[in-house]
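**Student:** Numbering (my numbering), first residue to last: 1246 to 1508. Even for Gly, the Cβ is constructed at its ideal location relative to N, Cα and C. In this text, all values refer to a predicted model and were calculated from it rather than measured experimentally. Just passing along the structure, written as structure tokens.
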Amino acid sequence: MSENIIGVPQRRVDGGKKVSGQARYAADHPMGKMLYAYGVYSTIANGRVVAVKDQQAKAMPGVVDIFHHGNFPALHRTPNTKLSFAKMLSASKADEHRLPFEDDRIYYPGQFVALVVAESFEQARAAAHRVTVEYDERPAVKDLDEGMRVNGARDGGAGHNRGKPDSAFDSAKVKVDQTYTTPVEVHNPMEMHASTSWWQDGKLFVYESTQGVVNHRNLLANVFDLSPDRVEVRAPFIGSGFGGKLWPWPHSVAACAAARVTG
1246 MSENIIGVPQ RRVDGGKKVS GQARYAADHP MGKMLYAYGV YSTIANGRVV
1296 AVKDQQAKAM PGVVDIFHHG NFPALHRTPN TKLSFAKMLS ASKADEHRLP
1346 FEDDRIYYPG QFVALVVAES FEQARAAAHR VTVEYDERPA VKDLDEGMRV
1396 NGARDGGAGH NRGKPDSAFD SAKVKVDQTY TTPVEVHNPM EMHASTSWWQ
1446 DGKLFVYEST QGVVNHRNLL ANVFDLSPDR VEVRAPFIGS GFGGKLWPWP
1496 HSVAACAAAR VTG
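Right under this line is the structure:
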């Protein structure tokens, strides 16, 4: 069997620094007087936040501020534009159209309900675990079958037809009608999602774990009502993404807003 491979082997531009540990990812940029943020996440799938009890957490060492829907700065929803290669430089697409802490509504488990900012990561994490949240919980749609019954099917707006599947199925000698299920799967790159952001002279700078710096810049410019040239998104290295880092996630917007408030 031939061992020849089509094409010529190419050395990865970033390979040497990645395997030697010299690559600096989004969370690897320590700065003077740097603060750290840690999220508090919803434990219910549907309902409203009744109260955020953060007094005990605020009294813990190193805590600078705790944000939630009641005190988070007002932001602007970005137009969720359709992405295409022709409009790549003007795209502004978010993973979640709703802004973090926009209101008291809970739409899914794990949604941001508070953000603790402290002088160290460990202090922020410890304080976040002391924040308690009261909910007005409501029934949730928990699986696809129930979702179809409650909401019906949605037309994704695109389709492709080839052949005659209905007649082929009807005329088949053997038919299989079965339902298969799989566990929840997530993207697991070697670099977790992270944002390091700061403001300087009215301009926003972000080290971001992203597969699309231009789209990320455009979205942040819209959210903070800035011109695109007032936002700089840097991603010199990315520890894989698998598509999970294509669109900005809520944590990035939250980090930038918190950095603006805390200075």
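Among all the DSSP beta bridges, which residues are the ones paired with E1436?
**Tutor:** DSSP output for E1436 lists no bridge partner at all.
**Student:** Quick check: P1275 and N1467, are their CB atoms within less than 8 Å of each other?
**Tutor:** No.
**Student:** Spatial neighbours of G1457 within its chain, please: C-beta separation below 7 Å, excluding the five flanking residues on both sides.
**Tutor:** For G1457, where only same-chain residues beyond five positions count, the Cβ hits under 7 Å are L1491.
**Student:** Less than 8 Å between the CB atoms is what I'm expecting for V1362 and V1376, so what's the real figure, rounded?
**Tutor:** No, V1362 and V1376 are not in contact; Cβ-Cβ is about 12 Å, not under 8 Å.
**Student:** What residues match up with D1310 in a beta bridge as DSSP calls it?
**Tutor:** According to DSSP, D1310 bridges with V1362.
**Student:** Can you tell me which of D1340, Y1380, A1369 and R1269 puts its alpha carbon nearest to the alpha carbon of V1358?
**Tutor:** For V1358, the nearest C-alpha among the options comes from Y1380.
**Student:** Starting from W1444, follow its DSSP beta bridges and name the residues at the other end.
**Tutor:** Bridge partners of W1444: L1449.
**Student:** Specify, as a first and last residue, the run of the alpha helix (DSSP H) that V1498 falls within.
**Tutor:** First-last of the alpha helix (DSSP H) with V1498: P1495 to T1507.
**Student:** In whole angstroms, what separates the C-alpha of G1404 from that of Y1352?
**Tutor:** Taking the straight line from one Cα to the other gives about 28 Å.
**Student:** Could you tell me which uninterrupted beta strand (DSSP E) segments, each at least 3 residues in length, are contained entirely in the stretch 1331-1406, listed from first to last along the chain?
**Tutor:** For the stretch 1331-1406, whole beta strand (DSSP E) runs of length 3 or above, ordered along the chain, are 1357-1363 and 1377-1382.
**Student:** Who are E1477's beta bridge partners in DSSP?
**Tutor:** Bridge partners of E1477: F1450.
**Student:** Check each candidate in P1428, H1321 and E1477 and name the one with the smallest Cα separation from Q1445.
**Tutor:** Minimum Cα distance to Q1445 is reached at E1477.
**Student:** Need the endpoints of the beta strand (DSSP E) that K1298 sits in, please.
**Tutor:** First-last of the beta strand (DSSP E) with K1298: G1292 to K1298.
**Student:** Examine the Cβ distances between the stretch 1422-1437 and the stretch 1479-1487 and report whether three or more of them are shorter than 8 Å.
**Tutor:** Yes, since at least three Cβ pairs between the stretch 1422-1437 and the stretch 1479-1487 fall closer than 8 Å, the two stretches touch.
**Student:** Within 10 angstroms of its Cβ, does V1498 collect 16 or more other Cβ (buried), or is it exposed?
**Tutor:** Per the 10 Å Cβ criterion, buried.
**Student:** Taking Cβ to Cβ, would you say E1347 is nearer than 8 Å to W1494?
**Tutor:** No, the pair does not count as a contact, with Cβ atoms beyond the cut-off.
**Student:** Between the Cα of H1496 and the Cα atoms of R1475, L1464 and S1440, which residue gives the shortest distance?
**Tutor:** Comparing Cα-Cα distances from H1496 to each of R1475, L1464 and S1440, the minimum goes to S1440.
**Student:** With distances taken from CA atoms, which of G1397, K1418, R1394 and E1382 is nearest A1290?
**Tutor:** Out of G1397, K1418, R1394 and E1382, E1382 has the C-alpha closest to the C-alpha of A1290.
**Student:** Grab me the residues of G1355's own chain with a C-beta within less than 7 Å of its C-beta, minus the 5 sequence neighbours each way, in chain order.
**Tutor:** So the list reads Y1286 and S1287, once near-sequence residues are dropped.
**Student:** Taking 7 Å as the cut-off, does the CB of P1345 come closer than this to any heavy atom belonging to the ligand GDP?
**Tutor:** Judged by which ligands are present, the structure shown has none, so any question about the ligand GDP falls away.
**Student:** Assuming H1313 contacts V1297 (C-beta within less than 8 Å), just tell me the rounded distance between them.
**Tutor:** Indeed they touch by this definition, with Cβ atoms about 5 Å apart.
**Student:** Could you please give me the residues that DSSP links to Y1286 through a beta bridge?
**Tutor:** F1357, per the DSSP bridge assignment.
**Student:** How big is the Cα-Cα spacing for R1350 and K1338?
**Tutor:** In a straight line, the C-alpha of R1350 is about 22 Å away from that of K1338.
**Student:** Quick check: the Cα distance between M1305 and G1447, rounded to an integer number of angstroms?
**Tutor:** Roughly 31 Å between the two C-alpha positions.
**Student:** Using a C-beta cutoff of 8 Å, does K1418 count as contacting chain D?
**Tutor:** In summary, chain D is missing from the structure at hand, where a single protein chain is found.
**Student:** Using the Cα positions of F1414 and G1284, report the straight-line distance between them to the nearest angstrom.
**Tutor:** F1414 and G1284: Cα-Cα distance of roughly 50 Å.
**Student:** Are the beta-carbon atoms of A1319 and A1503 separated by less than 8 Å?
**Tutor:** No, Cβ-Cβ distance for A1319 and A1503 is not below 8 Å.
**Student:** Would you kindly work out how many angstroms separate the C-alpha atoms of A1369 and R1256, rounded to a whole number?
**Tutor:** The straight-line gap from Cα to Cα measures roughly 40 Å.
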